[in-house]
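Residue numbers for the sequence shown follow full-length UniProt numbering, so the first one is 1 and each next one is one higher. Glycine residues also receive a C-beta, built at the ideal position from the N, C-alpha and C atoms. What follows is a single structure, written as C-alpha cells, with notes after it.
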Amino acid sequence: MPTSPSEAFDLAVIGAGPAGLAGAVTANEAGLSVALLDSAAHTGGQYFRHPAPALGTGRPQALHHDWPAYAALRARLAASGVRHLPGHHVWTVTREAEDRWTVHALTGTDGEADEPVTVRARAVLLATGAYERQLPFPGWTLPGVVGAGGAQAMLKAGLVLPGKRVVVAGSGPLLLAVASSLATAGARVPAVVEASGYLGYARRPRALATNPHKLLEAAVHGSALLRHRVPVRTRSVVTQVHGTDRVEAVTVARTDRHWRPVPGTGRRIACDALAVGHGLVPQIELATTLGCATRRTPDGTTALDLDDLQRTSVPGLWAAGEPGGIGGWALARTEGELAGLAIAARLVGRPPHTGGRLRGLRRDRARMRAFAEAMAAAHAPGPGWTRWLTDDTDVCRCEEVTAGRVREAARDLGAHDARTVKLLTRAGMGWCQGRMCGAAVACLAAEGTADGGVAEGIVPPSAERRPLAVPVSLGALASRPEPEPGPDPGLAPGLAPGLAPESGPHHPPTG
C-alpha cells in the first residue's frame with residue numbers, strides 16, 4: 001500500500017527481516033510512528049523466507065528451526081500500528097535537514113511500477129541484510145550451479161530442489177544448514193565441501209562457551225547429515241564444474257592453509273547441481289552513499305562501524321543486523337530491538353542508556369557479536385583461491401569479463417584495485433553492480449602487488465558509494481520531487497542530498 005506524499009513518520013525501517021521487524025515493532029511499542037519498507041511481499045527476510053499461501057503448504061515451520069520466534073515477531077507486527085509497505089524497492093535515502101529524511105522507493109515485484117514512492121521520517125533504521133559472496137571457478141556459469149543461500153531460498157519459498165544430486169560447497173556455517181535441509185527434503189547430497197575447517201573456532205573458546213545454542217545448532221545439522229549419510233570434506237574446494245548443457249559432475253581437490261589446491265588430489269563427484277557460497281557480504285550501499293564509516297571484518301568483508309546503540313557515524317541513521325557484520329538471525333533480532341529502543345529514546349528526549357531491558361540487550365549483543373567475529377575468522381577465504389582460476393574463466397558474468405582480462409589489467413596496466421579494473425575491463429558494470437564479482441576482481445587485482453595479497457589475506461572490494469542502490473529508470477529519476485528548502489549542515493556546497501563527501505580512511509574512493 002503506497003503512502004501519501006505528505007505522510008511522515010517518526011521512523012522509517014528499511015528491511016523486514018528479523019532486525020527490521022524487531023526494530024519496527026519495538027519502536028512502535030515505545031510510541032513512535034513507524035513505516036516498514038521491504039522489497040519482498042512477505043516479512044521474514046532471507047532467513048525466514050516461506051512459501052506463498054497459493055502453494056498450499058500447511059506447515060512452513062517444518063523448514064525452519066526457529067519458527068516460533070519469527071511467529072512471535074509477526075504477531076507483534078500485526079498487533080502494532082506499524083505501516084508495513086511490502087514490494088518497496090528502496091533505491092536511495094536522502095537527508096533533507098537534521099531530523100528530516102526521505103526514503104525513495106519503487107513499488108512492485110521487481111520495482112517496475114510507474115510511480116515512485118517517497119517516505120519521510122525523522123530517523124532511519126537500515127536493516128538491509130546481506131547477499132552471498134561468490135568466488136568463481138571454471139564452469140560456474142553452467143545451469144545447475146546456484147548459490148548455497150539460493151538453494152535454501154528455492155526450498156523455503158518455492159518448495160523445489162535445485163537438483164536430485166546436489167553437492168554443497170564453499171565455506172561457512174550456512175553450508176551445513178543448506179545440506180541438512182536439502183537432504184531432509186529428499187535430495188541426495190554426495191558431499192559437503194568446506195574450504196576451511198572447524199578447528200578455527202577453538203581459538204576463541206570464550207565465544208563458544210557463552211553461546212551454547214550455536215553448538216546445539218551445529219549438532220542438529222550434524223545429526224541430520226549423519227542420518228542421511230552425507231560426508232563432510234574439510235580443507236577441500238570445488239575447482240571445476242563439468243557438463244555441457246547442465247552440471248554433470250564437479251572436481252573436488254584438497255587445499256593448503258592458503259586455499260591453494262594441492263596438485264594430484266582432485267576427485268570427480270557426479271551430481272546434477274552444485275549449491276555454492278563463500279559466506280555473506282553486508283549490504284551497505286545505502287549507508288556508504290550517505291558517508292557512514294565502515295570497518296573491515298575478520299573474513300575480509302566491509303561492514304558498518306556502529307556504536308553500542310547501533311548508531312552509524314551519520315546522525316539520525318541507525319543500522320541493525322547484517323549491515324554491521326554477519327551474525328545470524330538471533331543477533332539481528334537483538335540489534336533491531338536495541339536500535340528500536342535507542343531511536344525511541346532519542347526522538348522523545350530520554351537518556352538512551354537507562355533501563356534494564358536495554359542493558360540486557362547490549363550484553364546479549366556483545367556475546368553474540370563475539371561469536372560472529374569468531375565465525376568470520378574461522379571461515380575467512382585464503383588468498384590462494386585464485387590459483388584454481390584459468391584465464392578463460394568468466395569472473396564478471398554480466399559483462400563476460402574473464403580472469404585473464406582482469407589479470408592483464410593488473411599486470412600490464414597497473415590496475416591494482418577493483419575500481420581501476422572496472423574502468424579498464426567493465427568488470428562490475430553489469431546488472432548486479434559487482435555483487436557477484438566484486439571480491440574476485442579485487443583479489444585478482446591484488447595478485448599484481450608485491451605480496452600478491454597473501455600478507456593481508458583476502459582483499460575486499462572497496463566499499464561502493466553509489467547513489468542508486470537498485471536499478472532505477474530515468475523516468476523515475478526525472479519524477480523525483482525536489483527537496484524541501486532548508487540548509488543541511490551535513491552536506492558540502494554543490495552536493496545533492498544523500499551524496500555527502502567522504503571523510504576519514506574508511507572510505508576509499510570508488511567509481
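Please name the residue in the options whose C-alpha comes closest to that of residue i.
{"i": "GLY356", "options": "MET368, ALA342, ARG133", "result": "ALA342"}
{"i": "THR118", "options": "ARG133, ILE14, ALA440", "result": "ILE14"}
{"i": "GLN433", "options": "PHE48, ALA446, ARG397, THR402", "result": "ARG397"}
{"i": "ARG359", "options": "LEU331, ASP392, LEU309", "result": "LEU309"}
{"i": "ALA41", "options": "ALA157, SER80, ALA69", "result": "ALA157"}
{"i": "HIS221", "options": "ALA177, PRO68, ARG387", "result": "ALA177"}
{"i": "ARG204", "options": "ALA372, ARG350, SER236", "result": "ALA372"}
{"i": "ARG49", "options": "ARG74, LEU413, LEU306", "result": "ARG74"}
{"i": "ARG405", "options": "TRP385, ARG426, PRO467", "result": "ARG426"}
{"i": "HIS379", "options": "GLY414, ILE284, VAL193, VAL395", "result": "VAL193"}
{"i": "TYR198", "options": "ASP245, ASN211, ALA71, VAL232", "result": "VAL232"}
{"i": "LEU286", "options": "ASN28, ARG95, ARG76, LEU85", "result": "ARG95"}
{"i": "GLY428", "options": "LEU413, GLU447, ALA403", "result": "ALA403"}
{"i": "GLY300", "options": "GLU29, GLY108, ALA439", "result": "ALA439"}
{"i": "ILE284", "options": "PRO116, LYS164, ARG235, VAL93", "result": "VAL93"}
Check this for me: beta carbons of residue i and residue j, under 7 Å apart or not?
{"i": "TRP91", "j": "ALA195", "result": "no"}
{"i": "ALA376", "j": "PRO298", "result": "yes"}
{"i": "THR251", "j": "GLY264", "result": "no"}
{"i": "GLY336", "j": "ALA319", "result": "no"}
{"i": "ILE269", "j": "VAL167", "result": "yes"}
{"i": "ALA12", "j": "VAL82", "result": "no"}
{"i": "ALA191", "j": "LEU155", "result": "no"}
{"i": "ALA127", "j": "GLY20", "result": "yes"}
{"i": "LEU174", "j": "ALA148", "result": "yes"}
{"i": "LEU444", "j": "ARG407", "result": "yes"}
{"i": "ARG333", "j": "ALA22", "result": "yes"}
{"i": "VAL281", "j": "ALA130", "result": "yes"}
{"i": "ASP394", "j": "THR141", "result": "yes"}
{"i": "ALA151", "j": "PRO143", "result": "no"}
{"i": "ALA27", "j": "ALA330", "result": "no"}
{"i": "LEU424", "j": "ALA409", "result": "yes"}
Just checking my contact of residue i with residue j at CB under 8 Å: how many whole Å lie between their CB atoms?
{"i": "ALA418", "j": "VAL441", "result": "5 Å"}
{"i": "ALA339", "j": "PRO323", "result": "Incorrect: roughly 11 Å between the Cβ atoms, too far for contact."}
{"i": "SER33", "j": "PHE9", "result": "5 Å"}
{"i": "VAL247", "j": "VAL238", "result": "Contact flag wrong, Cβ pair sits at about 11 Å."}
{"i": "ARG363", "j": "GLY327", "result": "Not really, about 15 Å apart at Cβ, beyond 8 Å."}
{"i": "LEU37", "j": "LEU106", "result": "With 8 Å as the limit, LEU37 and LEU106 do not qualify as a contact, their Cβ atoms being about 11 Å apart."}
{"i": "ASN211", "j": "ARG367", "result": "6 Å"}
{"i": "ALA169", "j": "VAL230", "result": "That pair is no contact at about 13 Å."}
{"i": "THR289", "j": "PRO467", "result": "6 Å"}
Drop a sphere of 10 angstroms on the beta-carbon of residue i, count the other beta-carbons inside from all chains shown, and report buried for 16 or more, exposed for fewer.
{"i": "LEU226", "result": "exposed"}
{"i": "residue 547", "result": "The question about residue 547 has no answer here: the residues shown for the chain are numbered 1 through 511."}
{"i": "VAL348", "result": "exposed"}
{"i": "GLU400", "result": "exposed"}
{"i": "HIS213", "result": "exposed"}
{"i": "PRO381", "result": "buried"}
{"i": "THR102", "result": "buried"}
{"i": "PRO18", "result": "buried"}
{"i": "ALA121", "result": "buried"}
{"i": "ALA455", "result": "Residue placement at ALA455 cannot be trusted, given a pLDDT of 41 that sits under 50; what the coordinates show is reported in the next sentence. Counting Cβ neighbours within 10 Å, ALA455 comes out exposed, since fewer than 16 surround it."}
{"i": "VAL262", "result": "exposed"}
{"i": "GLY494", "result": "In this predicted model, GLY494 has a pLDDT of only 31, less than 50, meaning its place in the structure is not dependable; the value taken from the coordinates is given anyway. GLY494 comes out exposed."}
{"i": "ASP256", "result": "exposed"}
{"i": "PRO351", "result": "exposed"}
{"i": "SER180", "result": "buried"}
{"i": "VAL145", "result": "buried"}
{"i": "TRP388", "result": "buried"}
{"i": "VAL160", "result": "exposed"}
{"i": "SER479", "result": "exposed"}
{"i": "ALA16", "result": "buried"}
{"i": "ARG100", "result": "buried"}
{"i": "PRO138", "result": "buried"}
{"i": "SER171", "result": "buried"}
{"i": "LEU386", "result": "Before going on, a small fix: residue 386 reads as Thr here, not Leu. Result: buried."}
{"i": "GLY325", "result": "buried"}
{"i": "SER223", "result": "exposed"}
{"i": "ASP272", "result": "buried"}
{"i": "SER473", "result": "exposed"}
{"i": "PRO68", "result": "exposed"}
{"i": "ALA202", "result": "exposed"}
{"i": "ALA24", "result": "buried"}
{"i": "residue 582", "result": "Residue numbering for the chain in the displayed model covers 1 to 511; residue 582 lies beyond these limits and cannot be assessed."}
{"i": "THR244", "result": "exposed"}
{"i": "GLY108", "result": "exposed"}
**Prompt:** Is it a yes or a no for the stretch 134-149 touching the stretch 267-287, going by three-plus beta-carbon pairs under 8 Å?
**Reply:** yes
**Prompt:** If we count Cβ pairs, one from each stretch, closer than 8 Å, do we get three or more for the stretch 402-419 versus the stretch 283-297?
**Reply:** no
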